[in-house]
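Novice: Those sequence lines, one after another, are chains A and B.
With the numbering used here as the guide, the letters of the first sequence map in order to residues 2 to 255.
With the numbering used here as the guide, the letters of the second sequence map in order to residues 8 to 664.
We put the CB at the ideal spot given by N, CA and C, even for glycine.
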Amino acid sequence: MEHYNMNLTVEVWRQKNKDDKGGFKSYKVKDISSEMSFLEMFDVLNEQLVHNGEEPIAFDHDCREGICGACSMYINGKPHGPWAATTTCQLHMRAFKDGDTIVVEPWRAKAFPVIKDLVTDRSAFDRIIAAGGYVSVNTGNAVDGNSLPIEKEKADSAFAAAACIGCGACVAICKNSSANLFIGAKVSHLALLPQGEPERRTRVINMIEQADKEGFGACTVTGACEAVCPKEISIANIARLNKEYMNASFSSDK
Amino acid sequence: MLDAKIPAGPLDQKWSKYKSTCKLVNPANKRKLEIIVIGTGLAGASAAASLGELGYKVKAFCFQDSPRRAHSIAAQGGINAAKNYQNDGDSTYRLFYDTIKGGDYRAREANVHRLAEVSANIIDQCVAQGVPFAREYGGLLSNRSFGGTQVQRTFYAAGQTGQQLLIGAYQALERQVALGNVKMYSRHEMLEVVVIDGKARGIIARDLVSGKLERHFGHAVLLCSGGYGNVFYLSTNAMGSNVTAAWKAHKKGAYFGNPCMTQIHPTCIPVSGDHQSKLTLMSESLRNDGRIWVPKKQNDTRRPNEIAEEERDYYLERRYPAFGNLVPRDVASRAAKERCDAGYGVGSSRQAVYLDYADAIQRYGKIELGKQGLDTADAATITRLGKEVVKEKYGNLFDMYEKITGENPYEVPMRIYPAVHYTMGGLWVDYNLMTTVPGLYALGEANFSDHGANRLGASALMQGLADGYFVIPYTIGDYLADEIRTANIPTDHPAFVAAEKEVSDRINKLMGINGSQSVESFHKRLGKIMWDKCGMARNAKGLQEAIQEIRALREEFWKDVRIPGAVAEYNPELDKANRVADFMELGELMCMDALDRNESCGGHFREEFQTEEGEALRDDANYMYVSAWQYAGTNNWQLHKEPLNYEVVKPSQRSYK
Ligand SMILES: Cc1cc2nc3c(=O)[nH]c(=O)nc-3n(C[C@H](O)[C@H](O)[C@H](O)COP(=O)(O)OP(=O)(O)OC[C@H]3O[C@@H](n4cnc5c(N)ncnc54)[C@H](O)[C@@H]3O)c2cc1C
Ligand code: SF4
Ligand code: FES
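Here it is as structure tokens:
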């Protein structure tokens, strides 16, 4: 792979805290290697800011391996930037070229208030899980793992849905700020498995109710979420969510 | 005198006897007892959920924005359990034996045996939670092999096992949050332990959003705060992983066990330049099918595909025919370093070896051909079928490799090099997982307990969940049964006031330095000293130098670090400064420990102590002990030794040949 260096302009959203109005600020960075990750470019920029006595840009990140779901930058109008199926931390600078201007904003949704700069509060997702995204099985109650065979195909689909990293990109891109891809992924994961069966009805109703309370919008199936999801969570999960919700709402034994 | 409190009786009956005779707390009393859990990785989330289910009042803390993002999420390869589903000769004893041997005879038999005993329950519990483990066509759970063993006992969910296990534990935790049994404090960092009358009674935590300090009381405190590999700056750990919680406990009286025992993982993506912020692991499971090689000729700059079969040195297969590419991590890492140091390394930095899938693709392609009933096919079809199988098994890892390096590993061999990965050392704990401070426990990677001098792959997830789901619910009851009369201590108690003042004084001191160098730059310099002198190979001279260099660096840090921003706000630079300051103290202790241990064992390789073939040379007569260091003031520690008595396994020179 050929490497190259570039000089860039980065327009970043700066906001001191949740009450501040916030606005864009423009920065120049030099000699950025195409081998760097996007966040390493931010590291360089932040070192530069600290050196100049300015406050570095706050952003969430931890694993830098595309799995924890912490990183969450809206890059050039797209959550997680230009590469498909890629988190911000796995985006690499060879996606850009010398002289580019890159615009970086936080997730914007009523349910994800900004804490500072690019950092938002996504605890609403935790509360949606707490509303029903689990199997009620206390430690020690389990039977032998192989006592209940599960068709490979079903197990694989459950796994594909369970791959969601809770990043919130689906909400950030949605014009309605709907959390339905996130919820659909969890509801599908558990609905596809026999272990999820006993709580199948209450789970979906409680999770949707919680999402309404948190201020997430309704889903109009535009499909934007699927296109930006770094884990390629399929929109079929929203269809399953709707079906599960209908079944649960109309069943007599709620 | 250190007392590990190992129950009497034969090894395989200790735990069952303990469980049936330990003290219990009745349900009404459980409701009155408060437990603080620091960390919500596999160890912390499983502990908090299980203790909440039992009826204790639990407060759980993590510094990320959600408990679901703990470092455990990144574990790729799998989790071991002695289920013997494959009928290939596995048993509790064999898992126990492999772990003791893999740890190069520096772990405690009783703890390891218990770990092997509960391993099977972990899989059952996770399946019941809906963890989507990989399955066979018949619908039963699938297994794969990992380094250092000859059976297939590793359960996995593609390359995302840690994620799926953590999500399972996180969901169990959120369920307890909804039921009101657990109160969750995200974006909170514990910065001090509060000790009253010799017992741990609470913590001081900083709300990372507002910057405010908080006091929290607990009848017991559990540290599940993970490992300290980031003392090396570059490691496979998440950026935020740190030693602060454990270090504060250490300075309040908890002994630190085997601090120098670090694991260097053989298969990571090599460093690409000075900008590097972390290193990415390529799961050990890749060594199942991949073959590791370097050119037979020194400084060979040809492309890998231009180097003919007979010009390649499959050095692991050559040196260790019995285990081949699946030797334990310490052995594989040192072998890679040896080849690169001798001038056989590849890639532009010459600090890399190849991990090649070409053979595996052909082998799987042919098997697939047979399965599909085709007996003849052109080479292209075989390759295509083989690639499909490899993609199904390792697809996400191959994608990650391509995103990072820009190279397609289905076509060109991956370049890999060892990197810091895991810390076997940690807070010293007894059989109950209690540290030397009564009421203060350590679970998961934060303790030193089960892996001796080297951890086998897929055993950390097992240990974290064993500690949290199946061990602590019993052992903590044994302690809390005597605490039912202890009323909640109000947090205006002088000990809380003093602890909070210590924390705020240090923060103010840090902020007041107003120097000229960034926290990051100090961390990088510390990491370089540690990697060069306390890394994959160590010697007495280097370690002595490192201690002096670290002291000097620390002095410079406290004079010249610059932390922008304010205290009473979200300030990641300040959080980082708090952590790096502690890493700089830990680094010195690690070097002291490495210097004390005049032998090589597992991940601790002292160049002075090796066999003629370059293998680690243990000294059982003099070093068959756990080093437990007691903090005794700045730059000062006292060593206590816990002798290791092997009653069942007979230590021998570890051989994988
Ligand atoms: C890339 C990678 C792959 C791995 N793959 C495998 C594998 O396949 N199989 C295997 O068995 N092992 C694997 N391991 C090792 C394993 O993942 C870890 O050892 C294990 O997950 C550690 O779990 P833990 O619960 O002890 O700690 P962590 O998961 O590290 O959790 C630590 C928790 O403590 C919290 N915390 C820390 N300090 C504080 C503080 N001061 N205040 C408040 N909260 C705090 C954090 O927020 C976090 O919640 C891998 C490790 C890495 C790096
Ligand atoms: S569904 Fe995709 S985009 Fe939405 S939270 Fe999950 S991983 Fe992120
Ligand atoms: S930092 Fe973890 S997914 Fe990006």
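With a threshold of 7 Å (Cβ to nearest heavy atom), would B:Ala-89 be considered close to ligand 3?
Specialist: Answer for B:Ala-89: no, Cβ out of range of ligand 3.
Novice: Can B:Gly-175 be considered in contact with ligand 5, in the sense that its beta carbon sits closer than 7 Å to one or more heavy atoms?
Specialist: Absence of ligand 5 from the depicted structure is noted, with ligand 1, ligand 2 and ligand 3 being the only ligands included.
Novice: Under 8 Å, with one C-beta from each stretch per pair, do the region 451–468 of chain B and the region 261–277 of chain B reach the 3-pair mark?
Specialist: Result yes; three or more Cβ-Cβ pairs closer than 8 Å.
Novice: Just to check, is the beta-carbon of A:Lys-79 closer than 7 Å to a non-hydrogen atom of ligand 2?
Specialist: Answer for A:Lys-79: no, Cβ out of range of ligand 2.
Novice: First and last residue of the beta strand (DSSP E) that includes A:Ile-116?
Specialist: It spans 115–117 - the beta strand (DSSP E) in which A:Ile-116 sits, taken as one unbroken run.
Novice: Quick one: which unbroken beta strand (DSSP E) runs of 3-plus residues sit fully inside the region 192–260 of chain B? Chain order, please.
Specialist: Segments of the beta strand (DSSP E) lying fully in the region 192–260 of chain B: 195–203, 206–214, 220–224 and 227–230.
Novice: Here's the rule I'm using: 16 or more other beta-carbon atoms within 10 Å means buried, otherwise exposed. How should B:Phe-330 be labelled?
Specialist: That one is buried.
Novice: Under 7 Å from any heavy atom of ligand 3, does the C-beta of B:Cys-69 make it?
Specialist: No; taking the cut-off as 7 Å, the Cβ of B:Cys-69 has no heavy atom of ligand 3 nearer than that.
Novice: Indicate the three-state DSSP secondary structure (helix, strand or coil) for A:Ser-189 in the structure shown.
Specialist: Residue state, collapsed to three classes: helix.
Novice: Which value, in whole angstroms, describes the spacing of the CA atoms of A:Lys-255 and B:Leu-392?
Specialist: Low local confidence applies: a pLDDT of 48 at A:Lys-255 is under 50, so the model's placement there is unreliable, with the coordinate-based value given in what follows. Taking the straight line from one Cα to the other gives about 48 Å.
Novice: Does the Cβ of A:His-62 lie closer than 7 Å to at least one heavy atom of ligand 3?
Specialist: Indeed, a heavy atom of ligand 3 lies less than 7 Å from the Cβ.
Novice: Spell out whether any CB of chain B is found under 8 Å from the CB atom of A:Arg-201.
Specialist: It does not: the Cβ of A:Arg-201 has no partner Cβ on chain B nearer than 8 Å.
Novice: Find the nearest neighbour of B:Gln-167 within the set A:Asp-127, A:His-4, A:Gly-67 and A:Leu-92, judged by alpha-carbon distance.
Specialist: Checking every option, the nearest Cα to that of B:Gln-167 belongs to A:Gly-67.
Novice: May I have the straight-line CA-CA distance separating B:Phe-503 from B:Ala-494, to the nearest angstrom?
Specialist: C-alpha separation (whole angstroms): 16 Å.
Novice: Does the structure place the region 634–646 of chain B close enough to the region 590–606 of chain B that three or more beta carbon pairs sit under 8 Å?
Specialist: As far as the Cβ criterion goes, the region 590–606 of chain B touches the region 634–646 of chain B, which means the pair count is three or higher.
Novice: List in chain order: all unbroken beta strand (DSSP E) runs of 3+ residues lying wholly within the region 8–87 of chain A.
Specialist: The qualifying runs are 24–34.
Novice: Are there any heavy atoms of ligand 1 lying less than 7 Å away from the beta-carbon of B:Thr-5, as far as the coordinates show?
Specialist: Beyond the ends of chain B as shown, which are 8 and 664, falls residue 5 of chain B; an answer cannot be given.
Novice: For B:His-120, which three-state DSSP category applies?
Specialist: The answer is helix: DSSP assigns B:His-120 an H, G or I state.
Novice: What are the boundary residues of the beta strand (DSSP E) that includes B:Gln-645?
Specialist: Taken as a continuous stretch (DSSP letters only), the beta strand (DSSP E) holding B:Gln-645 covers 644–650.
Novice: With 7 Å as the limit, tell me which residues of the region 8–34 of chain A have their beta carbon closer than that to any beta carbon of chain B; keep them in chain order.
Specialist: Residues Asn-18 and Ser-34.
Novice: For a test of your reading of the model: does the CB of B:Ala-43 fall under 7 Å from any non-hydrogen atom of ligand 3? Yes or no.
Specialist: Per the sequence presented here, residue 43 of chain B reads as Ile, with Ala not at that position. Incorrect: B:Ile-43 has no Cβ contact closer than 7 Å to ligand 3.
Novice: How many Å lie between B:Gly-236 and B:Asp-539 at the Cα?
Specialist: In a straight line, the C-alpha of B:Gly-236 is about 14 Å away from that of B:Asp-539.
Novice: Could you tell me how far apart the beta carbons of B:Arg-427 and B:Thr-269 are, in whole angstroms, since I believe they sit closer than 8 Å?
Specialist: Here residue 427 of chain B is Val; the residue named in the question, Arg, does not match the sequence. 6 Å between Cβ atoms; contact.
Novice: Taking CB distances under 8 Å as the criterion, tell me whether B:Met-407 reaches chain A.
Specialist: Output row for B:Met-407: interface = yes.
Novice: Can you check which of these residues, B:Met-197, B:Tyr-104 and B:Gln-171, is closest to B:Thr-156 by C-alpha distance?
Specialist: Measuring from the Cα of B:Thr-156, the nearest candidate turns out to be B:Tyr-104.
Novice: So which of B:Ala-547, B:Val-510, B:Glu-563 and B:Gly-522 has the shortest CA-CA distance to B:Arg-532?
Specialist: Cα-wise, what sits closest to B:Arg-532 is B:Glu-563.
Novice: What are the uninterrupted segments assigned as alpha helix (DSSP H) that are 4 or more residues long and contained completely in the region 420–503 of chain B, given in chain order?
Specialist: 467–472 and 479–487, all fully within the region 420–503 of chain B.
Novice: Mind checking if B:Gly-260 is an interface residue toward chain A, Cβ cutoff 8 Å exclusive?
Specialist: Not an interface residue.
Novice: Would you say A:His-81 faces chain B, with C-beta separation under 8 Å as the test?
Specialist: Answer no: the Cβ-Cβ gap between A:His-81 and chain B never drops below 8 Å.
Novice: I believe B:Pro-425 touches B:Lys-664 by the beta-carbon criterion, under 8 Å. Please report the beta-carbon distance rounded to the nearest angstrom.
Specialist: Going by Cβ atoms, the distance from B:Pro-425 to B:Lys-664 rounds to 21 Å, so no, they are not a contact pair.
Novice: May I ask you to list the residues that DSSP assigns as paired with A:Ser-179?
Specialist: According to DSSP, which records beta bridges pairwise, A:Ser-179 is partnered with A:Gly-218.
Novice: Answer yes or no: does any C-beta atom of chain A fall closer than 8 Å to that of B:Thr-287?
Specialist: Judged by the 8 Å Cβ criterion, B:Thr-287 is in contact with chain A.
Novice: Once the 5 residues before and after B:Gln-305 are set aside, which same chain residues still bring their CB inside 8 Å of it?
Specialist: Cβ within range, chain order: Ala-349, Gly-350 and Tyr-351.
Novice: Over what stretch of residues does the alpha helix (DSSP H) that includes B:Cys-608 continue unbroken?
Specialist: Note, B:Cys-608: premise wrong, no alpha helix (DSSP H); not H, not E.
Novice: Mind checking which residues open and close the alpha helix (DSSP H) that includes B:Arg-341?
Specialist: First-last of the alpha helix (DSSP H) with B:Arg-341: 336–348.
Novice: For ligand 2, which residues count as neighbours when the test is a C-beta closer than 6 Å to any heavy atom?
Specialist: Those satisfying the condition are, in chain order, A:Cys-165, A:Ile-166, A:Gly-167, A:Cys-168, A:Gly-169, A:Ala-170, A:Cys-171, A:Leu-182, A:Phe-183, A:Ala-186, A:Cys-230, A:Pro-231, A:Lys-232 and A:Ile-234.
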